[in-house]
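Have a look at the structure below before the remarks.
Protein chains in written order, with this note's numbering: chain A, 866 to 1217; chain B, 866 to 1217.
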C-alpha cells in the first residue's frame, strides 16, 4: 500500500452495461432507443459553429432549461439539467440527503442508488419489494432521511400508480422524495403533475431513452424553485460548466419535436407488446412492462445460461447476478427486426 | 423554511466569470483562447454520425485517453479524463482528500479550491503567499491532508520552478500533491516529468485554454496508475458516462495537431509581451506572466474603477473583490486587435 492511500475514498463502483466494440451485434443490454434522435438534431449538428468551441458554454444552460420548461409547462426556475440523469440524481443525493436517518429505496431497483449512498457516506435502508416485485408503500411511511425509487422500476419494468406516489410524498413532507422517471415515457404516469402541490417532490427524467440522446448525456429534474435552487447551489460548487455546447444546442432540438417523440415511443410500445407475446409463447413469464425493456424469466432454462448463449451469438441482453433477480433477463426493446432475431434465436435454443 | 431544508447541504457556490449575452464585446474575462480549435476539429464535426447519439458513449473514454497518453508519452492507465479540469479536480478532492488534517493551498489561488473543500466537508488551511505573491515552500512542509496549487498561479500569473515543486512533492509522500496546470502551456515548466518518479503527484491540465476547447468541457489528470485507478473508481461511483460523444470524437483531434497548438500558444505569448509593455507604459505594474492573462494594478487609478469603466464600454476583464487582490485586474490575452482596443481605451481613460 502506498503511503497516500490511507486517505483514499473506498468505493465499489457501479458497473455499467457492456458497450461491445464489435459491429453487427444486436444490442439489447443498456436500454438505448433503436431509433435516431429527432431529425432536427441532425440538421442542427451541421450548423454548429466550431469556432465557438473556444468559448465557455452558458453555465446556466439557459436555452436547454427554457426548452424543457416550455415543453412541460413549468417555470424556468423549476428545471435543473445535468450530464445524464445519473449526474442529476448524484447531485440530488449530495444536496438533499444529509440526514443521519437512512435514505430509503427498494431492494430491487436501480443499482446505482446504493453506490451513490456509499460514495457520499449516506446511511440507507432497502425495504424489500413484495413477492411480486411490487412496492410496499407502508415501508416508506417510516422514519427516514429521504426517499428515491424509479417509476417504472428498473430492472423490473413495473409501474406504480400516482395515488401511491402521492401518498408517499404526502407522508414524507419533511424529506425530499425523488421519483426517477427514466422510463416513464413508455407507458407509466408521470408524477410531474404533483410537483405544484408538493414542495418536497423532485421528478427526474432523461434524454437517454425516449429521446434517443444517450450519447449526448442530458438529464433533468423538475421541482419547486427552492429545490432547484438548492441543487444549483451544489452544482455551482462542483463544476460551473457541466453541459457542453453541443449538448445545449442539440438538446433543445431533441425536445422540441413532439410528433417524432410520440411516434417513436408508440413504435417501441408496439414492439414491446409483440415481444412479450412471443416470449410468453416460448415459456417465459414477465411483468407487465411500462418501460422500453422487459424483465423475463424462463420456466425451465436458467437466465444465466440463456444470457451466455445469446452473448455468444452476438445478442447482448443484461443479466444481474444479484439476490432475487438472478434468474431474470432484462431485455431492451429494439427494432422489430432485432426482436425477431432474438425470438428466432431463443426459439431454436429452447427447443433443443 | 421548508421542512425538508434541514437536510440540505449548505454551500456558497463558486461564481464563474460573466458570460455576456450581447455580441461585439471584447471578452477578456474568462481566459478563453482567442483562436479557434485545431482545423481538424471543424472537419471532424462535419463527420459526426448523428444516429450514434442514441447509443451511450464509451464510459472509459478510451479514444481520448489514448490520444492524451500518446501525446504525453505515458501509459493509458495513467490518464483520467473529465468534464473540464473543474470536474477532474473536484473528483480528485473527493478521492484523495479524506484526512482529518487540513488540505493546503495558497490564500491567493484558484478560488474554487475552498468551494470544493466546503462542499465535501474537507478541512483546509490557506498559507499566505509572500508580499510579492510568491509561494512559500516551507508552508507546505507542515502536517497536512493533501496539497494543491496552480502553476502558473491564478489569478497572479506567476510560475513556480520545478525544483520547488519537487521539494514539496518529495516532502509529502504520505499525501497526494496536485499541481493544477490549467495555464502551463503559455510558458511555465510542467511537472509531468516528475510523475514517473513520485507516486503521490497528480498533474491536472485542460483543453479549455491552450487547446481552445472551453466549450467542449475536457480536462485530464496524469499520474501513476494507482492514483488514476482510485479516481476512476470514484468517477464510476458517480456517473459512468461523463464525456459525451462529440467531446470524445472532437477532443482527439484537438490534441493531435501539435503544430497548430504550438503556433497559437506562441502567438498568445507574443501578444502578452506586447500587452505588458503597453500596460507598463500606461502606469500599470504586473507580475511576470507565464499564463494567457496578466494580473495588473495601476499606480493611481483603483482597479474597480477601471473594471467598471471597461465594462461600460463593452470590454470585459475580471475583478476579484477579495483581500490583498482587490486593486488588481486579471486581463485575458486576446487577439492583437482586442488588446489594442483595450490599450487604446485605457490610454484615453487614464489621461483624463
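No residue lacks a Cβ here, since even glycine has one placed at the ideal position from N, Cα and C.
Grab the span of the beta strand (DSSP E) containing residue i for me, first residue to last.
i	result
residue 1149(A)	1149-1151
residue 1194(B)	1194-1197
residue 959(B)	Segment 949-961 is the alpha helix (DSSP H) holding residue 959(B); no beta strand (DSSP E) there.
residue 910(B)	First-last for residue 910(B): 904-912, but that is the alpha helix (DSSP H), not the beta strand (DSSP E).
residue 1086(B)	1084-1087
residue 1160(B)	1158-1163
Roughly how many whole angstroms lie between the Cα atoms of residue i and residue j?
i	j	result
residue 986(B)	residue 1131(A)	47 angstroms
residue 899(B)	residue 1041(A)	44 angstroms
residue 1269(B)	residue 1185(B)	Because chain B here runs from 866 to 1217, residue 1269(B) falls outside it and cannot be looked at.
residue 1083(A)	residue 932(A)	13 angstroms
residue 993(A)	residue 1195(A)	19 angstroms
residue 1119(A)	residue 1056(A)	22 angstroms
residue 939(A)	residue 1068(A)	12 angstroms
residue 1235(B)	residue 905(B)	Not covered by the structure: residue 1235(B). The range shown for chain B is 866 to 1217.
residue 979(A)	residue 989(A)	8 angstroms
residue 882(A)	residue 1133(B)	44 angstroms
residue 1062(A)	residue 1010(A)	21 angstroms
residue 1189(B)	residue 1031(B)	28 angstroms
residue 951(B)	residue 1207(B)	29 angstroms
residue 1076(A)	residue 919(B)	8 angstroms
residue 1168(A)	residue 1182(A)	11 angstroms
residue 1127(A)	residue 1210(B)	55 angstroms
residue 947(B)	residue 1170(B)	38 angstroms
residue 1027(B)	residue 953(A)	40 angstroms
residue 1090(B)	residue 1125(A)	46 angstroms
residue 1047(B)	residue 1014(A)	40 angstroms
residue 977(B)	residue 903(B)	29 angstroms
residue 913(A)	residue 935(A)	23 angstroms
I'd like the span of the alpha helix (DSSP H) that includes residue i, first residue to last.
i	result
residue 1040(B)	Note, residue 1040(B): premise wrong, no alpha helix (DSSP H); not H, not E.
residue 1215(B)	1201-1216
residue 935(A)	927-937
residue 1066(A)	Careful: residue 1066(A) lies outside any alpha helix (DSSP H), inside the beta strand (DSSP E) at 1066-1071.
residue 970(A)	First-last for residue 970(A): undefined, no H or E at that position.
residue 1169(A)	1168-1177
Using alpha carbons as the reference points, say which of the options lies closest to residue i.
i	options	result
residue 1212(B)	1175(B), 973(B), 951(B)	1175(B)
residue 1001(B)	1029(B), 884(B), 1123(B)	1029(B)
residue 1045(B)	1108(B), 957(B), 1006(B)	957(B)
residue 995(A)	1182(A), 1003(A), 1007(A)	1003(A)
residue 1180(B)	871(B), 872(B), 1187(B), 885(B)	885(B)
residue 1078(A)	897(A), 883(A), 872(A), 874(A)	897(A)
residue 878(A)	999(B), 879(B), 1102(B)	1102(B)
residue 1095(A)	909(A), 991(A), 1064(A)	1064(A)
residue 975(B)	1043(B), 875(B), 1216(B), 911(B)	1043(B)
residue 1097(B)	920(B), 888(B), 945(B), 926(B)	945(B)
residue 967(A)	999(A), 1112(A), 1006(A)	1006(A)
residue 1162(A)	1156(A), 970(A), 1144(A)	1144(A)
residue 969(A)	1121(A), 1012(A), 935(A), 1024(A)	1012(A)
residue 930(A)	1075(A), 1106(A), 941(A)	941(A)
residue 1117(A)	910(A), 1051(A), 1048(A), 1059(A)	910(A)
residue 1025(A)	1155(A), 867(A), 880(A)	1155(A)
residue 901(B)	1073(B), 1085(B), 973(B), 1035(B)	1073(B)
residue 981(A)	997(A), 867(A), 962(A)	962(A)
residue 959(B)	1080(A), 1092(A), 891(A), 872(A)	872(A)
residue 1081(A)	1093(B), 928(B), 1106(B), 1033(B)	1106(B)
residue 1008(B)	1215(B), 1054(B), 1038(B), 876(B)	1038(B)
residue 1233(B)	887(B), 1215(B), 1191(B), 1051(B)	In the structure as shown, chain B starts at 866 and stops at 1217, and residue 1233(B) therefore has no counterpart that could be examined.
Would you mind giving the Cβ-Cβ distance between residue i and residue j, rounded to the nearest angstrom? I have them listed as a contact below 8 angstroms.
i	j	result
residue 1020(B)	residue 1160(B)	5 angstroms
residue 924(B)	residue 1109(B)	In fact, because the Cβ distance is near 12 angstroms, the residues do not count as touching under 8 angstroms.
residue 1198(A)	residue 1137(A)	5 angstroms
residue 893(B)	residue 1203(B)	7 angstroms
residue 907(B)	residue 1193(A)	Not really, about 47 angstroms apart at Cβ, beyond 8 angstroms.
residue 1066(B)	residue 1088(B)	6 angstroms
residue 874(B)	residue 1099(A)	6 angstroms
residue 998(B)	residue 973(B)	6 angstroms
Beta strand (DSSP E) segments (min. 3 residues) lying fully within the segment 1097-1153 of chain A: Segments of the beta strand (DSSP E) lying fully in the segment 1097-1153 of chain A: 1149-1151.
Whole runs of the alpha helix (DSSP H) within the segment 981-1031 of chain B, excluding any shorter than 4 residues: Correct list: empty.
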